Every structure is written in C-alpha cells, then in structure tokens.
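Numbering (the working numbering), first residue to last: 1 to 390. To start, the structure itself, in structure tokens.
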Amino acid sequence: MRVGFLFNHEQLHQIPHAISVAYELSKLKKDFEILIITSSDSQLNYIKEFEDNYPDHLCSYVEISMPVYLKAVCSLFDRALPVSKITMLKRNLTVFEGLDALVVPEKTSLLLKSYFGLTHLKYILTTHGSGDRKFGFNKGKGKCDLLFLSGEKVQKRMEREGVLATTESCIIGYPKFDAVNALSGKRQRLFDNDRLTVVYNPHFSPNVSSWYKMGLEILEYFYNNQKYNLIFAPHIMLYTRKMHFSEEKKSSIGWVKPVPEKYFNCPHILIDTDGIACTDMTYTLGADIYMGDVSSQYHEFLINPRPSVFINAHQLDWKDDESYLNWHTGAVVEDIQDLEAGIQQAINDHGMHRDGQKKLFDATFELTDETSSKRAARAISDFLQASLSP
1 MRVGFLFNHE QLHQIPHAIS VAYELSKLKK DFEILIITSS DSQLNYIKEF EDNYPDHLCS
61 YVEISMPVYL KAVCSLFDRA LPVSKITMLK RNLTVFEGLD ALVVPEKTSL LLKSYFGLTH
121 LKYILTTHGS GDRKFGFNKG KGKCDLLFLS GEKVQKRMER EGVLATTESC IIGYPKFDAV
181 NALSGKRQRL FDNDRLTVVY NPHFSPNVSS WYKMGLEILE YFYNNQKYNL IFAPHIMLYT
241 RKMHFSEEKK SSIGWVKPVP EKYFNCPHIL IDTDGIACTD MTYTLGADIY MGDVSSQYHE
301 FLINPRPSVF INAHQLDWKD DESYLNWHTG AVVEDIQDLE AGIQQAINDH GMHRDGQKKL
361 FDATFELTDE TSSKRAARAI SDFLQASLSP
C-alpha cells in the first residue's frame with residue numbers, strides 16, 4: 001500500500017498534528033510505502049526537524065510544486081479563497097493518483113475526491129486542534145473516510161452535529177503532544193526577570209477574535225504595566241493575511257492592523273506572529289497565564305492548568321453556548337478597563353477553576369500509556385487493511 005501524508009499550507013502549524021504519525025506508521029508497517037508530500041521548502045525543512053526523534057523511520061519525501069508565475073497569480077486571490085492550495089492539488093494529480101490513501105490535517109485536500117475525481121483514494125483526516133468553536137464541527141469533516149478525534153468531548157459533539165453519520169471515526173489522542181515532546185514537562189525561560197508571564201493568543205476570525213476591537217489596547221496596557229511580561233503570539237494565520245473573513249458570519253471582515261514598533265522594542269514584551277515557536281507550544285508551555293478568546297491552543301495550554309483570562313470583545317451571549325466551554329474555566333473580561341481586575345481574578349480564583357480545567361483537558365484529549373501517534377498509526381493500518389484488502 002502507498003500512503004501519502006500531505007502538507008499543503010502556507011503556514012507550518014498543521015505539521016505537528018500529523019508528522020509523527022507518518023514516522024510511526026512507517027515503523028509499524030514496513031510493507032507500506034509512506035510518502036511525506038510537501039509543497040514548500042519551509043515545510044520540508046520544518047518536518048526534518050522532527051526526524052531526530054524517529055531515526056529509524058522509513059518514510060520517503062516528495063515535493064510538489066507549481067510555476068513561480070502561477071504562485072504569484074494565485075496569491076492575489078488567497079485572501080478570500082485557498083486558491084494556491086487548490087491549484088497545487090490540481091497541478092500534481094499524478095502524485096496522488098498513485099496512492100491508496102492520503103492522510104491530511106485539513107479539509108481542502110478532500111477536493112481531490114469531490115472535485116478532481118480521485119474517488120479510489122481513502123482519505124484520512126487528522127484535523128489540527130481540538131477547540132470548542134462551532135466551525136471545528138462542521139459537516140465537511142464527514143466527507144473523509146476516516147476521521148481522527150482527540151477525545152470524548154469532540155466525539156460527542158461531532159455526533160450531535162451529524163458529522164459522524166457519514167464517516168468512520170476513532171479516538172486517538174493528540175499526536176501533536178508527541179511531535180513537540182509536550183508531555184516531558186520542559187518549560188523554556190522566555191524573559192530574564194521574575195515577573196509573571198502572560199501569553200496573549202487571539203484568533204483570526206473577526207466575529208469572535210478580540211484582536212480587531214481590543215488588541216492594540218491590550219498591548220498598550222502591558223507596555224505600561226510594571227507587573228507582567230507579555231508574549232503576543234496570536235493564531236499563526238492572523239498575520240499571514242491582511243484581511244480575514246469570519247468563518248462564523250461570512251459578511252464579517254477583519255483588517256489586520258500592523259503592530260507598532262515600540263512594542264517590539266519593549267524588554268518585557270515578546271512579539272511573535274509567525275515563528276516556529278508559535279507552532280510547537282513554546283509559548284503555551286512557557287507562560288504563567290493565558291489570555292485569548294477562542295483558539296484551540298487554550299486546550300493545549302491546559303496540559304498544565306494555570307490561570308486564564310478570556311476577552312469577550314463582541315459581548316457574546318456565551319454562558320449557555322458549548323462553543324465557549326473554555327470560558328467557564330477562567331475570568332471573562334468585556335472592557336479593557338477591567339483587564340487588570342480580570343487578571344487578578346483569574347489568579348485569585350484559579351484554585352476554584354483548576355478542577356474544571358483538568359476535566360476539560362481530559363475530555364478533550366484522551367491520552368493513554370501508548371502514544372497518540374502510535375495509536376493513530378495502528379488505526380490507519382487497521383482501517384486500510386480492512387477496507388482495501390481483496
């Protein structure tokens with residue numbers, strides 16, 4: 001069997017969600033041919049950083065491409081639609097035609113089946129992230145042949161939303177934890193002082209993100225304070241594009257304002273909008289306090305429960321909405337004037353929220369003595385042998 005693992009995105013954040021599964025599958029099934037398919041040099045270079053943990057893997061690398069002029073043309077339309085990703089698929093159909101199965105971390109690649117006619121392929125969707133936002137449970141995920149789920153919370157909601165009615169699924173945990181060695185408990189020191197460190201991690205979707213309405217005010221608050229360090233590490237897609245359409249309401253548009261230079265030059269503020277550390281949990285492991293809105297990275301932060309603050313910049317009616325389960329595990333702030341009080345409340349009330357954070361983490365990520373990556377590799381092997389064997 002020939003199994004491809006496709007990474008076809010302008011950013012790198014999806015890679016840790018699947019790369020360790022590819023390496024484990026190649027070790028588990030030495031009679032399978034495992035191809036890691038990349039669409040940029042940056043992807044390939046980042047992927048090879050994970051090889052040291054899997055020195056005996058048997059994967060091969062395949063690079064797909066398209067002409068430079070076509071990349072330039074496609075990039076003009078990428079603000080509204082994933083034109084570059086779709087064009088990359090179309091230009092390299094011969095690579096995918098020779099596979100028995102394709103493992104992908106995102107849904108765009110399912111167009112190979114629904115639009116480009118490669119119906120013989122078995123599509124396995126790992127997804128990337130396990131947040132509570134409604135968009136993460138849309139029925140498009142049910143178009144794959146096998147869907148990986150991180151835990152019981154995700155499984156139950158996928159069932160309620162009707163996603164699992166059209167696809168096989170299985171709980172495998174969270175392979176990203178294996179890829180970035182998150183379970184080791186190692187924490188990098190990010191500032192040369194003893195202040196508490198806050199990571200501010202706003203989402204890019206305009207209808208729910210705190211960045212567009214309050215982000216610069218939040219940076220200004222930390223610029224002037226004498227108590228905290230700040231890591232501004234938004235969802236990596238925020239600054240990948242200058243404009244975003246809300247995935248909740250298509251009519252909502254957000255224009256991304258540049259970060260003023262003075263914040264880059266402040267010794268107690270670290271600005272990182274697209275670095276590798278935004279993808280490998282450096283900041284969610286290294287911070288003392290989380291601040292954000294709807295990013296799934298909060299659930300990763302809960303690998304070690306700590307105080308948390310959520311910014312309700314849109315005055316959302318959230319308390320009975322399961323898309324905001326995480327907001328019940330910390331302080332919720334609706335006005336920038338209440339930010340200091342919200343941070344203090346999060347610190348003071350953390351003892352009350354710790355159990356809730358632990359329960360949310362355990363419901364989101366079903367972890368066992370067997371690594372998530374090995375569980376996923378075994379699930380792929382069992383599924384393919386059952387579905388493709390004569």
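Where is the CB? At the ideal position from N, CA and C, for every residue including glycine. Here the structure is a predicted model, which is why all the values come from computation and not from measurement.
Check, Outcome
"Going by C-alpha distance, which of 238, 221 and 208 is nearest residue 252?", "208"
"Any idea which residues DSSP pairs residue 34 with across the strands?", "3"
"Quick check: the segment 279-294 against the segment 193-200, are at least 3 beta-carbon pairs closer than 8 Å?", "yes"
"Between the Cα of residue 54 and the Cα atoms of 21, 64 and 85, which residue gives the shortest distance?", "21"
"I believe residue 145 touches residue 122 by the beta-carbon criterion, under 8 Å. Please report the beta-carbon distance rounded to the nearest angstrom.", "5 Å"
"Taking only the alpha-carbon atoms, compute the straight-line gap between residue 303 and residue 59 and give it to the nearest angstrom.", "30 Å"
"Let me make sure I understand the geometry here. Which of 364, 264, 318 and 323 has the alpha-carbon closest to that of residue 301?", "364"
"Which parts of the segment 101-145 are runs of the alpha helix (DSSP H), unbroken and 4 residues or longer, counting only runs that do not cross its ends?", "111-114"
"Would you tell me roughly how many angstroms separate the C-alpha atoms of residue 75 and residue 84, rounded to the nearest one?", "6 Å"
"Measuring straight from C-alpha to C-alpha, what distance separates residue 94 and residue 111?", "15 Å"
"Report the CB separation of residue 1 from residue 72 in whole angstroms; it is logged as a contact under 8 Å.", "That belief does not hold up - the Cβ atoms of residue 1 and residue 72 are roughly 37 Å apart, past 8 Å."
"Relative to the alpha-carbon of residue 51, which residue among 19, 81 and 134 has its alpha-carbon at the smallest distance?", "19"
"Kindly identify the DSSP beta-bridge partner or partners of residue 229.", "197"
"Figure out for me which residue from 219, 345 and 233 has the closest Cα to the Cα of residue 298.", "233"
"When you compare the CB positions of residue 334 and residue 348, do they come within less than 8 Å of one another, or not?", "no"
"Pull up the CB-CB distance for residue 277 and residue 308, whole angstroms please, since I reckon it's below 8 Å.", "Not quite, the Cβ-Cβ distance comes to about 20 Å (not below 8 Å), so this is no contact."
"So the candidates are 150, 86, 266 and 294; which of them puts its Cα closest to the Cα of residue 206?", "294"
"Can you give, in chain order, each stretch of the beta strand (DSSP E) that sits fully within the segment 241-325 and has at least 3 residues?", "243-245, 253-255, 269-271, 289-292 and 308-311"
"Taking the continuous beta strand (DSSP E) assigned at residue 61, which residues delimit it?", "60-63"
"If contacts are defined as beta-carbon pairs under 8 Å, then residue 257 and residue 216 qualify, I think. What distance do you get, rounded to the angstrom?", "7 Å"
"Over what stretch of residues does the alpha helix (DSSP H) that includes residue 217 continue unbroken?", "211-224"
"Which residues does DSSP list as the beta-bridge partners of residue 147?", "125 and 169"
"For the alpha helix (DSSP H) that contains residue 363, what are its first and last residues?", "350-364"
"Using beta-carbon positions only, say whether residue 148 and residue 127 come within less than 8 Å of one another.", "yes"
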